[in-house]
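See below for the structure under consideration.
Structure below.
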């Protein structure tokens, strides 16, 4: 199935070690570092008030764990597998702490896989170097307790690579089954992060290129590989068609992401949603893009049509600004190379400033990029199987060049270049021991040049207080209202974000029980953005608290007209019940009971209205 590697490049390690004990020690080292960081983060308000994608995944995970295994009434907004992984944790305990702990352990398992892959491709010393690097890699420690798919994607990539090596080494009678399993694992990885669907053609191309002289024996194994991938993807395809009648295999937001990267309001070459997007969460983004498409085209689009439209608009923008494309590409290349960890959702540098552990000189991107890239090139020259480590790097590079670069998008290539770094370090030691100074000098100069380029290449300036709104919201949710207001007032709010400024003050007033002030502040938010759904909902809640059910109905109905939601339907039913309109309550009860993906407690509350 593969070219037998020349064993002469695997010299015996002169250091006698107990390998299993070393691997166990690396696991414990990774676990200790991540637990220290978790302990340091106990006072982090974001751990008690998840934001944006993290909040979406947690809500979806709890919905699935409650028994709604098809999810809500929409096609998948974000890659779905991570929500299901969280749901498994929530079946054991609804506490986020367990999910964070399981994720930390999973990231430590990634260290073991790195060592196994490194040993299989090269030798123990290379593998141990790579394991140490990932165990002590700052961003890996940072992401390990954060409930985002980026925190598990590195492990997913390693599982697929390990399964690939397992498949190409299979005896003939087990070859097809192993390739079928590897295809299925790749399908799961694509459901964890959709851009890894590109690994399918890349793996096929790699196998065909390395087996040009023996293509016929490869046909059935590779067909099994494709079949395993398609079987897994078809589950998501069937779910989306059943739920909303749209043939969509994986999350389909590429058009929105593309237009966020290439639109008239974004000239910096990074991620910048257009001005008409008023809310940065998956549901809100989908709503605003579809509303804008309807405004421009005069017709309602389903999700697939909306995504295609905005992808086309991004292409049109690039064509109309084609002379600016080289600058945009160079900017993205600089971001891809740079040691700067561009924040998205959570900021590594905010955490680093508050953590003694992350403030230590841990391994960083410049180090693994500078040594890992030449290490992979050297490794492929000695063993063609190492080319599998380059394929995820190609996927990440294509993603960043076509869309944008961010810490969580770039992170999944780290285990691959960490493996390359392990080989590079071992290679340099071998050249030194053999007194081969010329190849050693060339390798050292190449590594130093790449490290230096990563450190000095221009990178985006990270704006201060980029999470100030979320931080203020977190403090408000924890009941620390003074801190919330202090954080909020410390930021210079731009005109397009004034609705958030007033909404947050209104939220604090609502939590403090000052319903009159909350209504007034929410109405100020609505004067800047009449479609601010949370403000509409909270006005209704405050009016219910004041016994103004008739006025509340208008706000709940407006919110539901903009974006139907079971909780808002329940509050509307509650308003009608206060007015004694039993028939209306029954109608809303039937509507809620017929909706898919409604949390059971909302159905119970709605049914209880009639019982009362």
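Numbering (our numbering), first residue to last: 59 to 670.
Yeah, the Cβ is synthetic: ideal placement off N, Cα and C, and Gly gets one too.
All values derive from a computational prediction rather than experimental measurement.
- Cβ contact annotation for residue 85 (same chain, cutoff 7 Å, sequence separation greater than five): 166, 169 and 170, in chain order.
- Taken in chain order, the unbroken stretches of alpha helix (DSSP H) that lie wholly in the region 304 to 385 and span 4 residues or more are 312 to 319, 340 to 355 and 361 to 378.
- In the three-state reduction of the DSSP assignment, residue 107 falls in the coil class, being assigned neither a helical nor a strand state.
- Counted as a single uninterrupted DSSP element, the alpha helix (DSSP H) harbouring residue 505 occupies residues 495 to 514.
- Measuring C-alpha to C-alpha distances from residue 508 to each of 426, 604 and 448 identifies 426 as the nearest.
- Straight through space, the alpha carbons of residue 559 and residue 334 are spaced by roughly 17 Å.
- Residue 413 holds the alpha-carbon nearest to the alpha-carbon of residue 100 among 413, 280, 207 and 573.
- Of the candidates 468, 606, 667 and 610, the residue whose Cα lies closest to the Cα of residue 198 is 468.
- DSSP, reduced to helix, strand and coil, places residue 461 outside both helices and strands of the structure shown, so it counts as coil.
- Under the DSSP definition of a beta bridge, residue 402 partners with 404.
- Beta-bridge analysis with DSSP links residue 586 to no other residue.
- Given a length threshold of 4 residues, each whole run of the alpha helix (DSSP H) inside the region 205 to 241 is given here in chain order: 208 to 226.
- Excluding the 5 residues flanking it on each side, residue 240 has same chain C-beta neighbours closer than 8 Å at 218, 221, 222, 224, 225, 283 and 286, in chain order.
- At the C-beta level, residue 630 and residue 614 come within 7 Å of one another.
- Note on geometry: alpha-carbon atoms of residue 314 and residue 531 lie some 26 Å from one another.
- With a cut-off of 8 Å on Cβ pairs, the region 436 to 452 is in contact with the region 469 to 483, counting three or more such pairs.
- Judged by DSSP secondary structure, residue 79 falls within the alpha helix (DSSP H) whose first and last residues are 77 to 98.
- For the pair residue 205 and residue 115, the CB atoms are nearer than the 7 Å cut-off.
- Remark: C-beta atoms of residue 147 and residue 156 approach each other more closely than 7 Å.
- Within the DSSP secondary-structure output, residue 527 pairs in no beta bridge.
- In the DSSP assignment, no residue is bridged to residue 595.
- Inter-segment contact for the region 375 to 393 and the region 456 to 464 is present: three or more beta-carbon pairs are separated by less than 8 Å.
- The beta-carbon separation of residue 195 and residue 472, rounded to 6 Å, stays under the 8 Å limit for a contact.
- The bridge partners DSSP lists for residue 195 are 421.
- For the options 407, 556 and 627, the alpha carbon positioned closest to that of residue 663 is the one of 627.
- Judged by DSSP secondary structure, residue 657 falls outside any alpha helix (DSSP H); it is assigned neither H nor E.
- DSSP, read as helix, strand or coil, puts residue 136 in coil.
- Linking residue 189 to residue 477 through their CA atoms gives a straight-line distance of about 8 Å.
- Taking 7 Å as the cut-off, the beta carbon of residue 229 is found no closer than this to the beta carbon of residue 536.
- Across the set 514, 444, 380 and 344, the C-alpha of 514 shows the shortest separation from the C-alpha of residue 428.
- Counting C-beta pairs with one atom in each stretch, the region 293 to 308 and the region 444 to 454 have fewer than three that are closer than 8 Å, which means they do not touch.
- In this structure residue 136 does not touch residue 415 by the C-beta definition: roughly 30 Å separates them, more than the 8 Å allowed.
- A distance below 6 Å between beta-carbons, with the five flanking residues on each side excluded, links residue 601 to the following residues of its chain, in chain order: 609 and 610.
- Taking 7 Å as the cut-off, the beta carbon of residue 450 is found no closer than this to the beta carbon of residue 173.
- For residue 619, the enclosing alpha helix (DSSP H) covers residues 607 to 620.
- C-alpha of residue 324 to C-alpha of residue 518: approximately 14 Å in a straight line.
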